[in-house]
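What follows is a single structure, written as structure tokens, with notes after it.
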Amino acid sequence: KQEVTQIPAALSVPEGENLVLNCSFTDSAIYNLQWFRQDPGKGLTSLLLIQSSQREQTSGRLNASLDKSSGRSTLYIAASQPGDSATYLCAVSPDSSYKLIFGSGTRLLVRP
Amino acid sequence: DTEVTQTPKHLVMGMTNKKSLKCEQHMGHRAMYWYKQKAKKPPELMFVYSYEKLSINESVPSRFSPECPNSSLLNLHLHALQPEDSALYLCASSLQGGELFFGEGSRLTVL
Numbered sequence: 001k002q003e004v005t006q007i008p009a010a011l012s013v014p015e016g017e018n019l020v021l022n023c024s025f026t027d028s029a030i031y032n033l034q035w036f037r038q039d040p041g042k043g044l045t046s047l048l049l050i051q052s053s054q055r056e057q058t059s060g061r062l063n064a065s066l067d068k069s070s071g072r073s074t075l076y077i078a079a080s081q082p083g084d085s086a087t088y089l090c091a092v093s094p095d096s097s098y099k100l101i102f103g104s105g106t107r108l109l110v111r112p
Numbered sequence: 113d114t115e116v117t118q119t120p121k122h123l124v125m126g127m128t129n130k131k132s133l134k135c136e137q138h139m140g141h142r143a144m145y146w147y148k149q150k151a152k153k154p155p156e157l158m159f160v161y162s163y164e165k166l167s168i169n170e171s172v173p174s175r176f177s178p179e180c181p182n183s184s185l186l187n188l189h190l191h192a193l194q195p196e197d198s199a200l201y202l203c204a205s206s207l208q209g210g211e212l213f214f215g216e217g218s219r220l221t222v223l
């Protein structure tokens, strides 16, 4: 059974720091992996989608990598800003069946 | 337009009430989803519709009744809910195997 883990559960950094959020999964046979951002009381915003055949995806200051063999993905945020403060969730799709398995998220606080 | 629109944003209902949550998307996505999210927890999948047919029902109690009237609309009918059903209800849509787009959610409180 696929399990997705995100460590740390919470992270506090000063503004301007580059940071890495981690996501690990137990079964390397995945279809794709998606990173989301969620602000308190709001819906999820899709940040990046990595297909199983891809190694990384980039959008602005965000870069997500995927290493299926080791069951890991990282989300790199460059030059963090207070507006980046949110909960970041990764989710794995085991196949094309529409199911997503979510990690518990990392709550990020970027201090001015 | 990469928007999923949910109404109402907030809903308070008694345990004997009947209400509905609504979701709309115009991205041409043929998969639509209902998720339930409790505080400080990840979303939990409830239902998936694919091409307007119910594809996945994650053993959700019958007091939650989904409906997909057409490819752009998704409803969740609520009846005889319990206080523990209070949560944020999220709608999402996608192409098959593609990126999920979520709405802002409907915050439900059951008294």
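Chains as they are written, first to last, in our numbering: chain A, 1 to 112; chain B, 113 to 223.
We treat Cβ as the ideally placed atom computed from N, Cα and C, and that holds for glycine.
Could you have a look at residue i and say whether DSSP puts it in helix, strand or coil?
| i | result |
| --- | --- |
| GLU196(B) | helix |
| PRO82(A) | helix |
| GLU17(A) | coil |
| ASP27(A) | coil |
| SER52(A) | coil |
| HIS141(B) | coil |
| PRO181(B) | strand |
| GLN118(B) | strand |
| VAL172(B) | coil |
| ASP95(A) | coil |
| GLU136(B) | strand |
| SER69(A) | coil |
| LEU44(A) | strand |
| ASN129(B) | coil |
Taking buried to mean at least 16 other C-beta atoms within 10 Å of its own C-beta, is residue i buried or exposed?
| i | result |
| --- | --- |
| GLY16(A) | exposed |
| GLU216(B) | buried |
| LYS148(B) | buried |
| SER69(A) | exposed |
| GLY105(A) | buried |
Residue i and residue j look like a contact to me (Cβ under 8 angstroms); what is the Cβ gap, rounded to whole Å?
| i | j | result |
| --- | --- | --- |
| PRO120(B) | GLY103(A) | 29 angstroms between Cβ atoms; not a contact. |
| field | Three CB pairs or more closer than 8 angstroms across the region 132-149 of chain B and the region 115-122 of chain B | value | When Cβ pairs closer than 8 angstroms are counted between the two stretches, the region 132-149 of chain B is seen to touch the region 115-122 of chain B, the count reaching three or more.
| query | In chain order, what residues of the region 157-172 of chain B put their CB closer than 8 angstroms to some CB of chain A? | reply | Close to chain A, meaning a Cβ-Cβ distance shorter than 8 angstroms, are the following residues of the region 157-172 of chain B: LEU157, VAL160, SER162, SER167, ILE168.
| said: Taking 8 angstroms as the cut-off, does the region 17-34 of chain A touch the region 70-81 of chain A (at least 3 CB pairs, one atom from each stretch)? | reply: Using a C-beta cut-off of 8 angstroms, the region 70-81 of chain A makes contact with the region 17-34 of chain A, since at least three inter-stretch Cβ pairs fall below that distance.
| Do the region 78-88 of chain A and the region 189-198 of chain B make contact, defined as three or more Cβ pairs closer than 8 angstroms? | No contact exists between the region 78-88 of chain A and the region 189-198 of chain B.
| query | With contact counted as at least three CB pairs below 8 angstroms, one residue from each stretch, are the region 175-186 of chain B and the region 93-109 of chain A in contact? | reply | These segments do not touch.
| field | Residues in the region 60-94 of chain A having any Cβ partner in chain B nearer than 9 angstroms | value | If you check each beta-carbon in the region 60-94 of chain A against every beta-carbon of chain B, the ones closer than 9 angstroms belong to THR87, LEU89, ALA91, SER93.
| Residues in the region 20-39 of chain A with C-beta within 8 angstroms of chain B's C-beta atoms, listed in sequence order? | Hits within the stretch, in order: TYR31, ASN32, GLN34, PHE36.
| query | Three or more C-beta pairs closer than 8 angstroms, one from the region 118-131 of chain B and one from the region 168-178 of chain B: is that the case here? | reply | Between the region 118-131 of chain B and the region 168-178 of chain B there are fewer than three inter-stretch CB-CB distances shorter than 8 angstroms, so the stretches are not counted as touching.
| said: Residues of the region 206-220 of chain B in Cβ contact with chain A at a cutoff of 9 angstroms, in chain order, please. | reply: Hits within the stretch, in order: SER206, GLN208, GLY209, GLY210, GLU211, LEU212, PHE213, PHE214, GLY215, GLU216, GLY217, ARG219.
| message | Residues of the region 136-154 of chain B in Cβ contact with chain A at a cutoff of 8 angstroms, in chain order, please. | response | Under the 8 angstroms Cβ criterion, the region 136-154 of chain B contributes ALA143, TYR145, LYS153, PRO154.
| task | Compile a chain-ordered list of the residues in the region 179-209 of chain B whose CB is closer than 9 angstroms to at least one CB of chain A. | result | For the region 179-209 of chain B, the set of positions with a beta-carbon nearer than 9 angstroms to some beta-carbon of chain A reads LEU200, LEU202, CYS203, ALA204, SER206, GLN208, GLY209 in chain order.
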